[in-house]
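Asker:
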Amino acid sequence: MVDLKVRENEVETDEVCPEHEGKLIDAFCHQHRKLCCCICLAKHHRSCQLVEVIADMSVEKEQNDVKGIVSTFSDLEKCVENMQLKSQGIKDDLNLSKQEICRNTDKAIQEIKKGIDDAHATWIKQFEQNHTNSVENFEVASDELKRFLTTSSYDGRESRGIKLVDINKPYNVVLHPTGEKMLVLDNERKCCVYQIT
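Residues in the sequence shown are numbered from 1 upward in steps of one, following full-length UniProt numbering.
Encoded structure:
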């Protein structure tokens, strides 16, 4: 085995030529596939076409290696650029998706808030109307009772109740036969709206 030492484009071999004592191997014959010293070259390989100095072979190999490394780095650089472009595209898509999700969420929240506000306003309106109707009914019933008390007399000994029924009026007052209850009836709804016991 030949031990090659490379020092700044200089190549040294530690192996000595077996045919010529003291001479270091410094060439290679490709035709005979043999390592040679300078004397071997002069004697046996003078006519060979494919003989190279080991130092030249090393430089050529080094240049080829450098070209390969440069080519590899160039390919890596292109890969990194492509990955960066893809990453930027993915990042842009994610940002667009985020903005769309935020817009849709805000829109949905606004619609829900509007629905709640509308429902609340409708409920308040209905509640106020019901309250107003109830107060009006109470006032009418109170007025009817006052009218009844001022226009009739009853001492509780009658066997039949006193009825003031007028179908032209929305309310009528009915006194229970026992005198224990007094009712104010709603002619339209056919129900009792006020009762005094």
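Think of the CB as a built atom: it goes at the ideal place given N, C-alpha and C, for glycine as much as any other residue.
#1: Tell me whether residue 18 is buried or exposed, calling it buried when 16 or more other Cβ atoms sit within 10 Å of its Cβ.
#2: Mind pulling the beta strand (DSSP E) runs of 3 or more residues that sit fully within the stretch 40-86?
#3: Give me the Cα-Cα distance between residue 47 and residue 35, rounded to the nearest whole angstrom.
#4: Given a cut-off of 8 angstroms, decide if residue 32 and residue 45 are closer than it, judged by their beta-carbon atoms.
#5: By the DSSP assignment, the beta strand (DSSP E) with residue 34 in it spans what residues?
#6: Distance check for residue 101 and residue 69, CA to CA, integer angstroms please.
#7: What three-state label does DSSP hand residue 29 in the structure shown?
#8: CA-CA distance, residue 137 and residue 146?
#9: Using the Cα positions of residue 20 and residue 63, report the straight-line distance between them to the nearest angstrom.
#10: When the Cα atoms are used, what is the spatial distance from residue 125 to residue 90?
#11: Tell me, please, which residues DSSP counts as bridged to residue 24.
#12: Taking all protein chains shown into account, do 16 or more other C-beta atoms lie within 10 angstroms of the C-beta of residue 16, making it buried, or fewer, making it exposed?
#13: So, is residue 37 buried or exposed, given that buried needs 16 or more other C-beta atoms within 10 angstroms?
#14: Assign residue 108 to buried or exposed, taking buried as 16 or more other Cβ atoms, counted over all protein chains shown, within 10 Å of its Cβ.
#15: Here's the rule: buried if 16 or more other CB atoms are within 10 angstroms of the residue's CB, otherwise exposed. What is residue 28?
#16: For residue 24 and residue 67, what's the separation of their Cα atoms in angstroms?
Answerer: Put simply:
#1: Reading the sequence shown from its first residue, position 18 is the one you call residue 18. With fewer than 16 other Cβ atoms within 10 Å, it is exposed.
#2: 51-53
#3: Looking up residue 47 in the sequence shown gives position 47. Looking up residue 35 in the sequence shown gives position 35. Near 16 angstroms, if we compare the C-alpha coordinates of residue 35 and residue 47.
#4: Position 45 of the sequence shown, counting from 1, holds the residue named residue 45. Position 32 of the sequence shown, counting from 1, holds the residue named residue 32. Yes, they are a contact pair.
#5: As a position in the sequence shown, residue 34 is number 34, starting the count at 1. Unbroken beta strand (DSSP E) run through residue 34: 34-36.
#6: Translated into the one-based positions of the sequence shown, residue 69 becomes position 69. Translated into the one-based positions of the sequence shown, residue 101 becomes position 101. Distance between the alpha carbons of residue 69 and residue 101: 47 angstroms.
#7: Indexing the sequence shown from 1 puts residue 29 at position 29. Reduced to three states, the DSSP call for residue 29 is strand.
#8: Taking the sequence shown and counting its residues from 1, the one referred to as residue 137 is at position 137. Taking the sequence shown and counting its residues from 1, the one referred to as residue 146 is at position 146. Residue 137 and residue 146: Cα-Cα distance of roughly 14 angstroms.
#9: What you label residue 20 is simply residue 20 of the sequence shown in a count that begins at 1. What you label residue 63 is simply residue 63 of the sequence shown in a count that begins at 1. So the two alpha carbons sit approximately 32 angstroms from each other.
#10: Numbered from its first residue, the sequence shown carries residue 125 at position 125. Numbered from its first residue, the sequence shown carries residue 90 at position 90. So the alpha carbons of these two residues sit roughly 52 angstroms apart.
#11: Here residue 24 corresponds to residue number 24 of the sequence shown, with the count starting at 1. Note: residue 24 sits in a beta bridge opposite 16.
#12: Taking the first residue of the sequence shown as position 1, residue 16 is located at position 16. Label assigned to residue 16: exposed.
#13: Sequence index remark: in the sequence shown, residue 37 carries index 37 (1-based). Buried is the call here.
#14: Within the sequence shown, numbered from 1, the residue matching residue 108 stands at position 108. It counts as exposed.
#15: To locate residue 28, count along the sequence shown from 1; it is residue 28. Label assigned to residue 28: buried.
#16: Within the sequence shown, the letter at position 24 stands for residue 24. Within the sequence shown, the letter at position 67 stands for residue 67. Approximately 30 angstroms, taken between the alpha carbons.
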